[in-house]
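Chain order of the listed sequences is B and U.
Sequence positions in the first sequence follow this note's numbering and run 1 to 117.
Sequence positions in the second sequence follow this note's numbering and run 1001 to 1117.
For reference, the structure discussed in these notes is given below.
2 protein chains.
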Amino acid sequence: MPKALPVIDTTAPICCAPVAAAPMSEADALEVALRLKALADPVRVRLISLLLAEGELCTCDLAPAVGVTEATVSHHLSVLKKSGLVSDGERRGMNVYYRAWPEALGALCRVIDPSCC
Amino acid sequence: MPKALPVIDTTAPICCAPVAAAPMSEADALEVALRLKALADPVRVRLISLLLAEGELCTCDLAPAVGVTEATVSHHLSVLKKSGLVSDGERRGMNVYYRAWPEALGALCRVIDPSCC
DNA sequence: CAGCATCTTTGACGTATGTCAAGAAGGTCG
DNA sequence: CGACCTTCTTGACATACGTCAAAGATGCTG
């Protein structure tokens, strides 16, 4: 990606016509691509899956579950947070608990899927 | 990604339980991530969008439309083909025409979306 | 056949990304 | 307060990725 790095608020809800409706503008394509990139990693897919299935987990639960360092989990969570796919951590006792945001995932799909929604 | 590069046939139709159903296995997560990665680029999003909207286009149409070299378009198309999102090129006259594969996009969404389909 | 147009491959370059170890913050509990 | 635990940040490193120019393929056209 040797192009200028764009500054985009990926936390804001995605909002553009579906990919299949018409040739997508450069800006919209960038929005979509950034969110997809946030999910385009095996570890992050597993993190989201764990959070969706279990509801609420902390870093120390997630790290052993996906087999990486807690530092790495922390990094991935921050990527997912920046894309609005995961909630801000909520401190409770000595741990910080995270949640997935199913709506964000659904919104992304609605933009991508040519048939469904 | 300093891990071993996995060999996976991403052309085969994706086939695993939705992300939200249960904690996803490492292998399934990899499958999903690889396909997402294929789409997680602004140029490739626009290419898919163009192909979906216009139906059928050749490299020499696509290159100026997205603003990159034809060599680059060719590279992106091969990535999309490897992920089953775009059909093999079909030679006709002096051009090679490509098509998007909406079903592949839909299938990916069905795995990802926790609510919709 | 010779020349041309389109498309793909190769090589090279710079940037981005995923990972970890080590250290810094921030909060908890005795 | 002071020892401790969990989480986040920083720095460093190797690999992957997007891009283009140039060269190679492949098929059309005069």
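Every residue gets a Cβ at the ideal spot worked out from N, C-alpha and C, and that includes glycine.
If we require 3 or more residues per run, which beta strand (DSSP E) segments fall completely within the segment 8-94 of chain B? 90-92
Three CB pairs or more closer than 8 Å across the segment 1059-1071 of chain U and the segment 1017-1033 of chain U: no
Tell whether a beta-carbon distance below 8 Å holds between residue 1052 of chain U and residue 1098 of chain U. Within the second sequence, numbered from 1, the residue matching residue 1052 of chain U stands at position 52. Within the second sequence, numbered from 1, the residue matching residue 1098 of chain U stands at position 98. No, Cβ-Cβ distance for residue 1052 of chain U and residue 1098 of chain U is not below 8 Å.
Tell me where the alpha helix (DSSP H) around residue 1102 of chain U begins and ends. Locating residue 1102 of chain U in the second sequence gives position 102, counting from the first residue. Start and end: 1102-1112.
Contact set between the segment 49-71 of chain B and chain U, restricted to residues whose Cβ is under 9 Å from the partner: Taking 9 Å as the Cβ-Cβ cut-off against chain U, the residues of the segment 49-71 of chain B that qualify are 49, 50, 52, 53, 54, 65, 66, 67.
Round the Cβ separation of residue 88 of chain B and residue 81 of chain B to the nearest angstrom and send it over; I've been treating them as touching at under 8 Å. As a first step, residue 88 of chain B is located in the first sequence; it is residue number 88 there, counting from the start. As a first step, residue 81 of chain B is located in the first sequence; it is residue number 81 there, counting from the start. With 8 Å as the limit, residue 88 of chain B and residue 81 of chain B qualify as a contact, their Cβ atoms being about 6 Å apart.
Could you confirm whether any beta carbon from chain U is found closer than 8 Å to the beta carbon of residue 79 of chain B? Mapped onto the first sequence, residue 79 of chain B falls at position 79. No, residue 79 of chain B lies away from the interface with chain U (no Cβ there is under 8 Å from its Cβ).
Quick check on the burial criterion: 16 or more other C-beta atoms within 10 angstroms. Buried or exposed for residue 44 of chain B? Here residue 44 of chain B refers to the residue found at position 44 of the first sequence. Looking at its Cβ environment, which holds 16 or more other Cβ atoms inside 10 Å, residue 44 of chain B is buried.
Spatially closest choice to residue 1107 of chain U from B:115, B:91, B:78, by CA coordinates: Start at 1 with the first residue of the second sequence, and residue 1107 of chain U comes out as number 107. Nearest to residue 1107 of chain U by C-alpha distance, out of B:115, B:91, B:78, is B:115.
Quick one, are the C-beta atoms of residue 1100 of chain U and residue 1077 of chain U less than 8 Å apart? Numbered from its first residue, the second sequence carries residue 1100 of chain U at position 100. Numbered from its first residue, the second sequence carries residue 1077 of chain U at position 77. In this structure, residue 1077 of chain U does not lie closer than 8 Å to residue 1100 of chain U by Cβ.
Note down, in chain order, each residue of its chain lying with its Cβ closer than 7 Å to the Cβ of residue 1027 of chain U, except the 5 sequence neighbours on either side. The residue you call residue 1027 of chain U lines up with position 27 of the second sequence. Answer for residue 1027 of chain U: no residue qualifies.
Leaving out five residues before and five after residue 48 of chain B in sequence, what residues of the same chain have Cβ atoms less than 6 Å from its Cβ? Residue 48 of chain B sits at position 48 when you count from the first residue of the first sequence. Contacts found: 100.
Would you mind sorting residue 1094 of chain U into buried or exposed? The rule is 16 or more other CB atoms within 10 Å of its CB. Counting from one through the second sequence, the residue named residue 1094 of chain U turns up at place 94. It is exposed - the Cβ of residue 1094 of chain U has fewer than 16 other Cβ atoms within 10 Å.
Is any beta-carbon of chain U found at less than 8 Å from that of residue 45 of chain B? Start at 1 with the first residue of the first sequence, and residue 45 of chain B comes out as number 45. Interface residue, yes.
Would you please state the rounded distance, in angstroms, between the beta carbons of residue 1061 of chain U and residue 105 of chain B? I believe it to be under 8 Å. Within the second sequence, residue 1061 of chain U is the residue found at index 61, counting from 1. Within the first sequence, residue 105 of chain B is the residue found at index 105, counting from 1. About 33 Å; that fails the 8 Å criterion.
Anything in chain B within Cβ reach of residue 1037 of chain U, meaning under 7 Å, just list it in chain order. Sequence index remark: in the second sequence, residue 1037 of chain U carries index 37 (1-based). Simply 40.
Can you check whether the C-beta of residue 90 of chain B is within less than 8 Å of a C-beta belonging to chain U? Reading the first sequence from its first residue, position 90 is the one you call residue 90 of chain B. False, the Cβ-Cβ gap to chain U never drops below 8 Å.
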